Amino acid sequence: MKILIIFDSMYGCTEKVAHAIKDGFSDLHQVDIMQISHVGYGDLANLDLFVVGSPTHGGRETEDVKTFLDGLSDHALRGIRAAAFDTSMAEEDQGFFVGKIVKWFGHASTRIERLLLDKGAEPVLKESFIVLDKEGPLKDGELERATEWARHLMDK
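Note that numbering that gives the first Met the number 0 has the sequence shown beginning at 0, numbered continuously upward.
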């Protein structure tokens with residue numbers, strides 16, 4: 000299986016999650032991982048699974064992730080399974096006001112999933128990995144959960 004994981008990261012948490020996801024795939028698969036600024040549209044050739052990750056800011060993915068996905072042709076991902084992940088704060092870990100804002104704006108993975116669908120992808124799963132504050136750190140156990148999530152992607 001040929002797998003590509005692309006990500007954007009502002010404070011390093013999303014990058015750590017992306018590498019943990021990579022670790023969850025068997026050595027039997029060809030897995031490439033790239034920061035969004037290094038990805039070209041040719042990197043999507045012959046993929047079996049495309050995984051896209053971004054930190055959540057104001058309920059959205061980063062502008063670089065959005066620009067890259069918007070730049071794909073309408074059917075560029077036809078026949079490719081895809082998954083989306085983000086790093087974000089958990090609603091229940093915030094005070095009342097911030098928790099309501101997190102709930103109202105949502106998570107980047109939901110928007111990434113929509114962009115992937117618009118380009119013809121067959122989504123597999125989406126997931127949010129929890130950071131304790133805007134700049135991190137990741138909540139304890141999130142890297143292990145990301146590795147396990149990758150294993151679930153193979154089952155779908």
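All residues carry an ideal CB built from backbone N, CA and C; glycine is no exception.
Since the structure is predicted, the reported quantities are computational estimates derived from the model, not experimental observations.
Please go through the stretch 1-67 and give each complete beta strand (DSSP E) segment of 3 or more residues, from N-terminal end onward. You should have 1-6, 29-34 and 48-54.
Give the range of the beta strand (DSSP E) segment to which Ile129 is assigned. By one-based count along the sequence shown, residue 129 stands at place 130. Boundaries of the beta strand (DSSP E) around Ile129: Glu121 to Ile129.
Near Val51, what residues of its chain come up, given a Cβ to Cβ distance below 6 Å and the 5 sequence neighbours on each side ignored? Counting from 1 along the sequence shown, the entry for residue 51 is found at position 52. Excluding residues within five positions, the ones whose Cβ falls inside 6 Å are Ile5, Ala83 and Ile111.
Need the endpoints of the alpha helix (DSSP H) that Ala107 sits in, please. Here residue 107 corresponds to residue number 108 of the sequence shown, with the count starting at 1. Residues Ala107 to Asp117.
Let me know the secondary structure DSSP gives Asp75 once reduced to three states. Within the sequence shown, numbered from 1, the residue matching residue 75 stands at position 76. What sits at residue 75 in the sequence shown is Ala, not Asp. Correct three-state label for Ala75: coil.
Give the single residue among Gly70, Arg113 and Ser25 whose Cα lies nearest to the Cα of Leu43. Along the sequence shown, one-based indexing puts residue 43 at 44. Out of Gly70, Arg113 and Ser25, Gly70 has the C-alpha closest to the C-alpha of Leu43.
Measure the beta-carbon distance from Pro54 to Asp22 and round it to whole angstroms, keeping in mind my assumption that it falls under 8 Å. Taking the sequence shown and counting its residues from 1, the one referred to as residue 54 is at position 55. Taking the sequence shown and counting its residues from 1, the one referred to as residue 22 is at position 23. No, Pro54 and Asp22 are not in contact; Cβ-Cβ is about 20 Å, not under 8 Å.
Test item: CB-CB of Glu134 and Met9 under 9 Å: The residue given as residue 134 occupies position 135 in the sequence shown. The residue given as residue 9 occupies position 10 in the sequence shown. Yes; because the gap between Cβ atoms is below 9 Å, this pair is in contact.
Could you compute how far the alpha carbon of Leu152 sits from the alpha carbon of Arg113? As a working mapping, residue 152 is identified with position 153 in the sequence shown. As a working mapping, residue 113 is identified with position 114 in the sequence shown. A straight-line Cα-Cα distance of about 18 Å links Leu152 and Arg113.
Does the separation of the CB atoms of Val38 and Ile2 fall below 9 Å? Residue numbering aside, residue 38 sits at position 39 when the sequence shown is read from its first letter. Residue numbering aside, residue 2 sits at position 3 when the sequence shown is read from its first letter. Result no, Cβ atoms of Val38 and Ile2 do not sit closer than 9 Å.
Which word fits Thr66, buried or exposed, when buried means at least 16 other C-beta atoms lie within 10 angstroms of its C-beta? Counting from 1 along the sequence shown, the entry for residue 66 is found at position 67. Around the beta carbon of Thr66, fewer than 16 other beta carbons sit within 10 angstroms, so the residue counts as exposed.
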